[in-house]
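Peer 1: Dumping the structure here so I can ask a few things about it.
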Amino acid sequence: MAGPSDELPIPQRLQAITSQWDQLRAGFDDATLAARAAELEEAMGAPGFWDDQQSAAQVSAEHSRTTRRLERWRGLASEVEDLKALAEMAEEDESVAAEVAAQMTGVEERLAELEEERLFSGRYDAGDALVTVNAGAGGTDAQDWAEMVLRMMMRWGERRGMQVELLEASPGEEAGIKSATFRAKGENAYGLFSAEKGVHRLVRLSPFDAAHRRQTSFAGLEVAPVVEDVGDIEIEDDDLQIDTYRASGAGGQHVNKTDSAVRITHRPSGIVVQCQNERSQSANKDTAMKMLRAKLLERYERERQEEIAKEKGETLDVNFGSQIRSYVLHPYTMVKDHRTDREMGDAQRVLDGDLDGFVREYLLKAAAA
0 MAGPSDELPI PQRLQAITSQ WDQLRAGFDD ATLAARAAEL EEAMGAPGFW
50 DDQQSAAQVS AEHSRTTRRL ERWRGLASEV EDLKALAEMA EEDESVAAEV
100 AAQMTGVEER LAELEEERLF SGRYDAGDAL VTVNAGAGGT DAQDWAEMVL
150 RMMMRWGERR GMQVELLEAS PGEEAGIKSA TFRAKGENAY GLFSAEKGVH
200 RLVRLSPFDA AHRRQTSFAG LEVAPVVEDV GDIEIEDDDL QIDTYRASGA
250 GGQHVNKTDS AVRITHRPSG IVVQCQNERS QSANKDTAMK MLRAKLLERY
300 ERERQEEIAK EKGETLDVNF GSQIRSYVLH PYTMVKDHRT DREMGDAQRV
350 LDGDLDGFVR EYLLKAAAA
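When the count follows numbering that gives the first Met the number 0, it moves up by one through the sequence shown with no breaks and lands on 368 for the last residue.
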């Protein structure tokens with residue numbers, strides 16, 4: 000997609016690219032990152048490394064992230080350097096100008112990605128995310144809207160190259176879902192999806208109303224970090240209510256004939272989690288317990304941030320109840336983010352998972368604040 004910089008002459012574009020690269024490079028410690036990658040590689044080569052599967056998986060994942068980041072920075076440094084020579088060629092030979100402009104566009108896109116990457120400084124931002132969509136006020140329309148939000152979020156995750164796995168879905172009475180939870184595995188998954196938590200509002204002509212009247216519906220999005228090492232979180236067996244039930248919906252004959260799905264209620268916090276995607280009750284229970292730990296961790300982290308803000312005399316808006324975005328399909332089409340005022344007229348494109356612009360602008364504003 001063409002941007003404002005595409006219209007600039009090549010020398011001005013090169014100057015802008017070089018300036019942005021210098022700013023990014025000033026805050027990047029290549030030597031420290033390379034040393035960390037070497038340290039992790041050495042640990043992976045040590046005898047008995049794979050004896051502790053959980054610890055080994057964490058180290059291996061960090062090594063992959065660190066190596067990829069290092070390769071991206073070094074590759075981009077080389078491309079920016081090459082652009083200087085190519086720009087000079089374009090000045091002398093107009094026939095190569097189009098090719099150089101195309102390469103500049105690619106570099107500008109990768110610079111934007113690195114700019115975004117710097118925004119993820121939170122403790123859990125780099126890790127996986129547990130995303131829950133809940134239908135809000137609006138009856139059947141809200142449950143249908145919740146399913147649309149679920150589809151939009153999962154598509155966005157896939158577009159970002161994440162592995163998305165639906166863990167449970169509670170269907171609505173007539174259509175849509177009451178709630179659903181999926182896990183997003185990928186780089187900065189928690190940091191990215193955290194930008195989407197809050198209330199999403201839909202305005203449209205109701206397909207479930209015989210009079211076809213305009214209806215406003217709401218769906219809430221909650222996001223929790225998936226952390227394997229949760230030693231600080233203690234869960235007492237007596238605090239848990241564990242129920243089994245027959246999985247509903249698609250899933251083959253097995254899940255429809257056995258009570259393999261598991262629902263766990265954590266009495267002290269009131270948090271309820273459930274899992275039905277695994278083939279056995281024990282596997283569903285293990286996954287549900289991981290979900291519970293993730294949600295408890297998110298709650299503790301939120302309370303900790305609120306306490307820090309209170310000590311500083313600040314107010315911190317970390318409430319899931321805050322309305323973040325409106326999707327208007329009638330009498331006009333418009334998606335508006337209420338945190339940044341960013342708008343897009345092509346609502347269908349957004350509903351199909353094109354959320355990068357909204358997320359990036361919010362993250363930049365949050366970082367500046």
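Every residue gets a Cβ at the ideal spot worked out from N, C-alpha and C, and that includes glycine.
Taking 8 Å as the cut-off, does the segment 192-202 touch the segment 213-222 (at least 3 CB pairs, one atom from each stretch)?
Peer 2: The segment 213-222 is in contact with the segment 192-202.
Peer 1: Measure how close the beta-carbons of Met-290 and Leu-165 come, nearest whole angstrom, since I'm counting them as under 8 Å.
Peer 2: Going by Cβ atoms, the distance from Met-290 to Leu-165 rounds to 12 Å, so no, they are not a contact pair.
Peer 1: Between the C-alpha atoms of Ser-63 and Glu-300, what's the straight-line distance to the nearest angstrom?
Peer 2: Cα-Cα distance, rounded: 26 Å.
Peer 1: Scan the segment 66-129 and note each continuous alpha helix (DSSP H) run of 4 residues or more that stays entirely inside, going in chain order.
Peer 2: Taking only runs of at least 4 residues, the alpha helix (DSSP H) segments lying wholly in the segment 66-129 are 96-116.
Peer 1: Could you give the distance in angstroms between the alpha-carbon of Gly-185 and the alpha-carbon of Asp-127?
Peer 2: Cα-Cα distance, rounded: 6 Å.
Peer 1: Who are Arg-203's beta bridge partners in DSSP?
Peer 2: Gln-214.
Peer 1: Could you give the distance in angstroms between the alpha-carbon of Arg-262 and the alpha-carbon of Trp-20?
Peer 2: Each residue's Cα considered, the two are about 50 Å apart.
Peer 1: Classify Arg-159 as buried or exposed, calling it buried when 16 or more other Cβ atoms lie within 10 Å of its own Cβ.
Peer 2: Buried is the call here.
Peer 1: CB-CB under 6 Å to Lys-256, same chain, minus the five flanking residues each way: which ones, in chain order?
Peer 2: Legend: pLDDT at Lys-256 = 46, less than 50; position of this residue unreliable, no value from coordinates given.
Peer 1: Are Leu-295 and Ile-270 touching if we call contact CB-CB under 9 Å?
Peer 2: Yes. Within cutoff.
Peer 1: Would you kindly check if the distance between the Cβ of Phe-192 and the Cβ of Met-147 is under 9 Å?
Peer 2: Cβ distance not < 9 Å, so Met-147 and Phe-192 don't count as in contact.
Peer 1: Is Asn-318 buried or exposed, if buried means 16 or more other CB atoms sit within 10 Å of its CB?
Peer 2: Confidence at Asn-318 is low in this model, with a pLDDT of 41, below 50, so the placement of that residue should be treated as unreliable; the coordinate-derived value is given next. It counts as exposed.
Peer 1: Tell whether a beta-carbon distance below 9 Å holds between Leu-369 and Val-106.
Peer 2: Residue 369 lies beyond the range of the chain shown here (0 to 368); nothing can be said about it.
Peer 1: How is the beta strand (DSSP E) around Arg-182 delimited, first residue to last?
Peer 2: From DSSP, the beta strand (DSSP E) with Arg-182 extends over 176-184.
Peer 1: In terms of alpha-carbon separation, which member of Gln-102, Arg-73 and Arg-71 lies closest to Leu-85?
Peer 2: It is Gln-102.
Peer 1: Reducing DSSP to helix, strand and coil, say where Asn-133 ends up.
Peer 2: It is a strand residue.
Peer 1: Between the Cα of Pro-206 and those of Arg-150, Thr-139, Gly-171 and Glu-235, spot the shortest distance and give me the residue it belongs to.
Peer 2: Closest option to Pro-206, Cα to Cα, is Thr-139.
Peer 1: When the Cα of Ala-293 is compared with those of Tyr-361, His-329, Arg-359 and Pro-224, which residue comes out closest?
Peer 2: The residue with the shortest Cα to Cα distance from Ala-293 is Pro-224.
Peer 1: Could you say which of Phe-181, Pro-46 and Ala-97 lies nearest to Arg-154 if we only look at CA atoms?
Peer 2: Ranking Phe-181, Pro-46 and Ala-97 by Cα distance to Arg-154 puts Phe-181 first.
Peer 1: Helix, strand or coil for Glu-61 per DSSP?
Peer 2: Three-state DSSP puts Glu-61 in a helix.
Peer 1: Please report the straight-line C-alpha distance between Tyr-244 and Ala-260, rounded to a whole angstrom.
Peer 2: Distance between the alpha carbons of Tyr-244 and Ala-260: 5 Å.
Peer 1: Going by C-alpha to C-alpha distance, which of Glu-87, Asp-345 and Gly-156 sits closest to His-329?
Peer 2: With distances taken between Cα atoms, His-329 lies closest to Asp-345.
Peer 1: Near Lys-177, what residues of its chain come up, given a Cβ to Cβ distance below 8 Å and the 5 sequence neighbours on each side ignored?
Peer 2: If we look at Lys-177 and ignore the five residues flanking it on each side, its Cβ neighbours are Asn-133, Ala-134, Gln-142, Ala-145, Ser-169, Pro-170 and Gly-171.
Peer 1: Do Arg-71 and Arg-109 have their CB atoms nearer than 9 Å?
Peer 2: Going by C-beta atoms, Arg-71 is nearer than 9 Å to Arg-109.
Peer 1: Among Gly-219, Asp-50, Ala-33 and Ala-111, which residue has its Cα nearest to the Cα of Ala-136?
Peer 2: Here the closest residue by C-alpha is Gly-219.
Peer 1: Using 10 angstroms around the beta-carbon of Tyr-361, count the other beta-carbons present and answer buried if the total reaches 16, otherwise exposed.
Peer 2: Its Cβ being crowded by 16 or more others within 10 Å, Tyr-361 is buried.
Peer 1: Do you know offhand how far Phe-119's Cα is from Asn-187's?
Peer 2: The straight-line gap from Cα to Cα measures roughly 7 Å.
Peer 1: Using a beta-carbon distance below 9 Å, is Arg-341 in contact with chain B?
Peer 2: No chain B appears in the structure shown, which is made up of a single protein chain.
Peer 1: Among the residues of its own chain, which have a CB less than 7 Å from the CB of Arg-322, if the five just before and after it don't count?
Peer 2: One detail in the question is off: residue 322 reads as Gln in this sequence, not Arg. So the list reads Gly-197, Val-198, Arg-200 and His-337, once near-sequence residues are dropped.
Peer 1: Quick one: grab the DSSP three-state call for Pro-10.
Peer 2: Reduced to three states, the DSSP call for Pro-10 is helix.
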